[in-house]
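Okay, so here's the structure we're looking at.
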Amino acid sequence: MNIRLLQNCIFPSQLISVQPGFEAFDYRSNPRPELREFQIFEHLFVNEMYNTAEVFGAVSSRFHAKTLLRGPELKRWIESTPGYEVYYVNPWPQWSYANFNSHVRARIIHGGNEFLLNSQKVLDLARVPLDFLSPGRQHNKNYGMSSYWFGTPKFWRKFMQELVFPVTRLTASELGSALHDFLYRPLAYHGKSIHRAGALPFLLERATNLYLQAQFADEVAYYPRSRAQILASCLFPFERDLIELAGDQVDAWDEAGVYDRDAMDYFENATLHVSAGWLSYMGRHQVDFDHGDPRPHLPWFARENTARTDFRRLESLEAQT
Numbered sequence: 492m493n494i495r496l497l498q499n500c501i502f503p504s505q506l507i508s509v510q511p512g513f514e515a516f517d518y519r520s521n522p523r524p525e526l527r528e529f530q531i532f533e534h535l536f537v538n539e540m541y542n543t544a545e546v547f548g549a550v551s552s553r554f555h556a557k558t559l560l561r562g563p564e565l566k567r568w569i570e571s572t573p574g575y576e577v578y579y580v581n582p583w584p585q586w587s588y589a590n591f592n593s594h595v596r597a598r599i600i601h602g603g604n605e606f607l608l609n610s611q612k613v614l615d616l617a618r619v620p621l622d623f624l625s626p627g628r629q630h631n632k633n634y635g636m637s638s639y640w641f642g643t644p645k646f647w648r649k650f651m652q653e654l655v656f657p658v659t660r661l662t663a664s665e666l667g668s669a670l671h672d673f674l675y676r677p678l679a680y681h682g683k684s685i686h687r688a689g690a691l692p693f694l695l696e697r698a699t700n701l702y703l704q705a706q707f708a709d710e711v712a713y714y715p716r717s718r719a720q721i722l723a724s725c726l727f728p729f730e731r732d733l734i735e736l737a738g739d740q741v742d743a744w745d746e747a748g749v750y751d752r753d754a755m756d757y758f759e760n761a762t763l764h765v766s767a768g769w770l771s772y773m774g775r776h777q778v779d780f781d782h783g784d785p786r787p788h789l790p791w792f793a794r795e796n797t798a799r800t801d802f803r804r805l806e807s808l809e810a811q812t
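Counting with the numbering used here, you get residues 492 to 812 for the letters of the sequence shown.
Printed below as a string of C-alpha cells:
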C-alpha cells in the first residue's frame, strides 16, 4: 500500500526536526494562520498532492508528542487494516472516559453554549447538513481529534468539497459581523499557541467527525489503544484517577450502547471535573507540545516518579538489612 505522511512545517526549526516516518512539507509562508491545518489541506488539495498516494495525510509537528505514535507505527497499522477510506487517530483517548461527547466539553472549554449554537448557524449557512448540537455518544471506536486523519483520494475530494470549502469560503457579508467575529477573532482556548485562532478550526475539527459518521460510517478505522496506552496518554493525574475508578463501567456502557440515567449522571459530573481541571492546571502551567512529549517533565508526574524511585530505594535498603 502506498502511504504518504507529511509533517507540516510552518517554522524553520520544524524542517530540521521531522518526525520519523514523515516527509517535511515546507509551509513557512503560513498565509492564513487563523485556519491552522485547514489552509494546508486546501493547498494540498488544490495542487492535487492528496492524489499522490493510496492513503495520504498531513499533520502538525506535534503529532508524536500528542499521540505518542511514530510514523512507522502509524504506517504499520494502516497497512494491517486495509480497505478503509479514512484512518483516524485520537490523541486524547482519555477524554472518552470523561465526556459523553466533545461538544459537551466544548461548552466548558470554549466558554458556554454560544460555541455550539454559532457553529450550527455557520454549518446551516454553508448548507452542510450536520447536527452540531446533538452528536450522540463519542467514544474511542467512533471518534478522533486534532486533524489527525489519513485518507484515500476519494475521502479528500468529498471532505474538501462537501465540508471544508463550504465553510471556509463563506464571505464576511454572508456570515454577518457576529458570526465572522466568532470564526476569526481569538477564541477562549486552554492551549499554547503563537497564532491564536478563532472558532473556525475547532468547529471544523469537530464537524469532521460528524461528517465522517454521516458519509463514511463503515469506512473509517480508528486507531485502537489498550487501557495501558490510554493511561499513558493522560496529561493530568485526575484523568488517570477517573479511568482507573470508572473505566470498566464506561467500557460496559459503550459495549452495550445503552446510556441510562446513571451513565448520564456520571458523564455530567466527570465532564465538569476533568474540563475544570484542565482549565485550572493549564491556567497555572501551560503544557507545551512543541519540544517533544511533555508528560515526563510535568511537575505532578515528576513528583510521582521521584516518590516511586524513593520507595524503590527504601525497599532495596530494607531487603539488604
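Glycine included, every Cβ here is placed at the ideal spot set by N, Cα and C.
Distance from the Cα of Pro-524 is smallest, within the candidate group Gln-704, Trp-744, Tyr-675, for Tyr-675. Inside the region 494-581, DSSP marks whole beta strand (DSSP E) runs of 3 or more residues at positions 494-500, 514-517, 546-550, 577-579, from first to last along the chain.
As a beta-bridge residue in DSSP terms, Val-711 pairs with Val-577. Excluding sequence positions up to five before and after Ile-501, its CB lies within less than 7 angstroms of the CB of Tyr-518, Arg-519, Asn-521, all in the same chain and listed in chain order.
Under DSSP, Phe-641 forms a beta bridge with Tyr-578. For Gln-706, the uninterrupted alpha helix (DSSP H) segment begins and ends at 691-706. Within its own chain, the residues whose Cβ lies closer than 7 angstroms to the Cβ of Val-741, once the five positions on either side in sequence are excluded, are Tyr-588, listed in chain order. Gly-783 carries a strand assignment under DSSP once its states are collapsed to helix, strand and coil. Runs of the beta strand (DSSP E) spanning 3 or more residues and lying entirely within the region 747-774 do not occur at all. CA-CA distance, Ile-569 to Tyr-578, rounds to 7 angstroms. Within the same chain, and ignoring the five residues on either side of Pro-728 in sequence, the residues whose Cβ sits closer than 8 angstroms to its Cβ are Trp-791, Phe-792, Glu-795.
In the DSSP annotation of this structure, the continuous segment of the alpha helix (DSSP H) that includes Gly-667 starts and ends at 663-675. Taking a cut-off of 8 angstroms for Cβ pairs, the region 620-638 and the region 689-697 touch, as three or more such pairs fall below it. In this structure, the CA atom of Asp-672 is about 41 angstroms from the CA atom of Glu-735. Closest in alpha carbon position to Ser-625, among Ser-610, Ala-617, Leu-678, is Ser-610.
Three or more Cβ pairs closer than 8 angstroms define a contact, and the region 716-728 falls short of that threshold against the region 601-610. Rounded to whole angstroms, the separation of the alpha carbons of Asp-781 and Phe-516 is 17 angstroms.
Rounded to the nearest whole angstrom, the C-alpha separation of Asn-633 and Leu-666 is 31 angstroms. Put simply, of Gln-498, Gly-642, Ser-571, Phe-623 the residue whose alpha carbon is nearest the alpha carbon of Arg-553 is Gln-498.
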